[in-house]
Amino acid sequence: MEPLDGNALAGLLRDVFGAETTGAATVCGHCGARSVVAESVVYVGGPGAVARCRSCRGLLAVFVEVRGVTCVDLRGLERLGD
Amino acid sequence: MTAVADETPRARTLALEVPDWPGHRAGQHVDIRLTAEDGYRAERAYSLASAPGEPPAITVERLEDGEVSPYLVDVVREGDVFEVRGPVGGYFVWGPESGGPLLLVAGGSGVVPLRSMLRHRRLSGSDVPARLVYSSRTLEDVIYRDELAVSEPGLEVVVTLTRDRPAGWTGRTGRVGAELLAEVAWPAADAPLAFVCGPTSFVEAVAAGLVELGYDPARVKTERFGATGGR
Chain A
30 MEPLDGNALA GLLRDVFGAE TTGAATVCGH CGARSVVAES VVYVGGPGAV ARCRSCRGLL
90 AVFVEVRGVT CVDLRGLERL GD
Chain B
162 MTAVADETPR ARTLALEVPD WPGHRAGQHV DIRLTAEDGY RAERAYSLAS APGEPPAITV
222 ERLEDGEVSP YLVDVVREGD VFEVRGPVGG YFVWGPESGG PLLLVAGGSG VVPLRSMLRH
282 RRLSGSDVPA RLVYSSRTLE DVIYRDELAV SEPGLEVVVT LTRDRPAGWT GRTGRVGAEL
342 LAEVAWPAAD APLAFVCGPT SFVEAVAAGL VELGYDPARV KTERFGATGG R
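Chains A and B supply the protein sequences, listed in that same order.
Its first residue numbered 30, the first sequence is counted upward by one per residue in the numbering used here.
Its first residue numbered 162, the second sequence is counted upward by one per residue in the numbering used here.
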């Protein structure tokens with residue numbers, strides 16, 4: 030499956046965080062790369078959405094919707110936002 | 162859905178009437194969610210094709226193995242209703258205040274959000290110099306062909322065809338590679354602002370090519386739609 034990028038998460042992130050988040054700064058918890066959400070490598074279409082670091086492909090975030098509740102795992106992000 | 166316009170044999174523009182639409186920015190998209198009778202749901206993102214201030218419209222190109230696009234291109238009719246989330250996105254957006262010079266590079270239906278930016282530029286009376294480089298498989302597949310053929314002050318449009326060269330075609334052919342970019346992209350010294358939208362591999366190649374030319378990576382904004390659907 031060809032990956033998308035963080036722009037594809039805009040709707041989901043707005044629902045989760047209540048604000049536009051694709052332009053937010055990110056720091057990868059694996060390699061320390063600084064980027065923005067929109068530039069992450071995103072896989073959708075499985076049971077959820079997965080965002081990976083464009084530099085090291087480390088896992089940044091996972092979003093899974095279970096019975097109408099979105100579960101969010103941001104463990105791979107050292108920082109989100111400024 | 163209030164109106165349909167065919168753009169190419171595989172793409173059409175759907176005008177939407179969305180209750181409480183807050184207005185949108187050029188480059189934003191909407192998520193469209195379809196629910197089948199058995200409850201199965203599919204959701205895809207589609208870029209807004211209209212300019213800010215215009216009613217929302219999306220242009221959808223049919224992917225032969227798609228779940229959503231064949232329905233939107235072949236089946237949906239005026240008056241049909243579906244779920245829309247948006248407008249969303251705040252990274253891949255342009256307004257006159259963003260400045261330029263503006264370089265827009267599109268692969269296939271990646272032209273849709275860039276068309277919104279160009280319409281916004283025109284309707285807002287912006288004099289930011291702009292160039293659109295648009296890669297299309299065939300001439301028949303060029304979306305907004307008539308609109309892009311109208312000359313506008315400060316705007317240059319370069320179409321390149323990657324699959325065939327129709328009789329009488331005097332434009333460019335071949336992929337958007339280093340050679341074409343070096344020739345048509347604004348010099349890096351002008352501190353251009355670039356937006357690149359298309360299939361993932363296209364965007365990777367063009368963005369890398371622009372950085373190679375000296376473009377500031379922070380001013381090369383990208384949006385990838387993969388081959389799995391959307392936009």
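Using N, Cα and C, we set each Cβ at its ideal position, and we do this for glycine too.
According to DSSP, is residue i part of a helix, a strand, or is it coil?
i	result
residue 68 (chain A)	helix
residue 167 (chain B)	strand
residue 299 (chain B)	coil
residue 306 (chain B)	helix
residue 208 (chain B)	strand
residue 333 (chain B)	strand
residue 174 (chain B)	strand
residue 403 (chain B)	Here chain B comprises residues numbered 162 to 392, so residue 403 (chain B) is not present and cannot be evaluated.
residue 45 (chain A)	helix
residue 253 (chain B)	coil
residue 353 (chain B)	coil
residue 365 (chain B)	helix
residue 242 (chain B)	coil
residue 390 (chain B)	Since pLDDT at residue 390 (chain B) reaches only 42, below the 50 mark, its modelled position is unreliable, and no value is offered.
residue 271 (chain B)	helix
residue 73 (chain A)	coil
residue 327 (chain B)	coil
residue 248 (chain B)	strand
residue 190 (chain B)	strand
residue 203 (chain B)	strand
residue 63 (chain A)	strand
residue 222 (chain B)	strand
Count the other C-beta atoms from every protein chain shown that fall within 10 angstroms of the C-beta of residue i, then say buried if there are 16 or more, exposed otherwise.
i	result
residue 33 (chain A)	buried
residue 252 (chain B)	buried
residue 312 (chain B)	exposed
residue 181 (chain B)	exposed
residue 310 (chain B)	exposed
residue 222 (chain B)	buried
residue 383 (chain B)	buried
residue 100 (chain A)	exposed
residue 278 (chain B)	buried
residue 201 (chain B)	exposed
residue 343 (chain B)	exposed
residue 161 (chain B)	Because chain B here runs from 162 to 392, residue 161 (chain B) falls outside it and cannot be looked at.
residue 392 (chain B)	Reliability of the predicted coordinates at residue 392 (chain B) is poor, the pLDDT of 40 falling under 50, and the value obtained from them is presented with this limitation in mind. Buried is the call here.
residue 261 (chain B)	buried
residue 108 (chain A)	exposed
residue 347 (chain B)	buried
residue 255 (chain B)	buried
residue 85 (chain A)	exposed
Starting from the beta carbon of residue i, find every residue of chain A whose beta carbon is closer than 7 Å, and list them in chain order.
i	result
residue 385 (chain B)	33, 34
residue 192 (chain B)	40
residue 223 (chain B)	Here the premise fails: no neighbours, minimum Cβ distance about 18 Å.
Assuming the contact rule is C-beta atoms closer than 8 Å, residue i and residue j should be a hit. Round their C-beta distance to whole Å, please.
i	j	result
residue 219 (chain B)	residue 208 (chain B)	7 Å
residue 212 (chain B)	residue 187 (chain B)	6 Å
residue 292 (chain B)	residue 319 (chain B)	7 Å
residue 337 (chain B)	residue 355 (chain B)	Going by Cβ atoms, the distance from residue 337 (chain B) to residue 355 (chain B) rounds to 12 Å, so no, they are not a contact pair.
residue 341 (chain B)	residue 321 (chain B)	7 Å
residue 80 (chain A)	residue 35 (chain A)	6 Å
residue 270 (chain B)	residue 172 (chain B)	6 Å
residue 78 (chain A)	residue 38 (chain A)	6 Å
residue 249 (chain B)	residue 40 (chain A)	5 Å
residue 266 (chain B)	residue 294 (chain B)	5 Å
residue 185 (chain B)	residue 217 (chain B)	6 Å
residue 315 (chain B)	residue 290 (chain B)	5 Å
Using a Cβ cut-off of 7 Å, pull out every chain B residue sitting near residue i, in sequence order please.
i	result
residue 55 (chain A)	Result: empty, since nearest Cβ-Cβ is about 12 Å, beyond 7 Å.
residue 43 (chain A)	249
So residue i contacts chain A; which residues on that side make the cut at Cβ distance below 8 Å?
i	result
residue 253 (chain B)	36, 51, 67
residue 206 (chain B)	36, 37, 39, 40
residue 276 (chain B)	Those do not exist, as residue 276 (chain B) stays about 17 Å from chain A at its closest Cβ, beyond 8 Å.
Within 9 Å of chain A by C-beta, residues of the stretch 306-323 of chain B in sequence order: Within the stretch 306-323 of chain B, no residue qualifies.
Output, in sequence order along the chain, the residues in the stretch 336-369 of chain B whose CB is closer than 7 Å to any CB in chain A. 361
Using a beta-carbon distance cut-off of less than 9 Å, what residues from the stretch 232-246 of chain B approach chain A? 246
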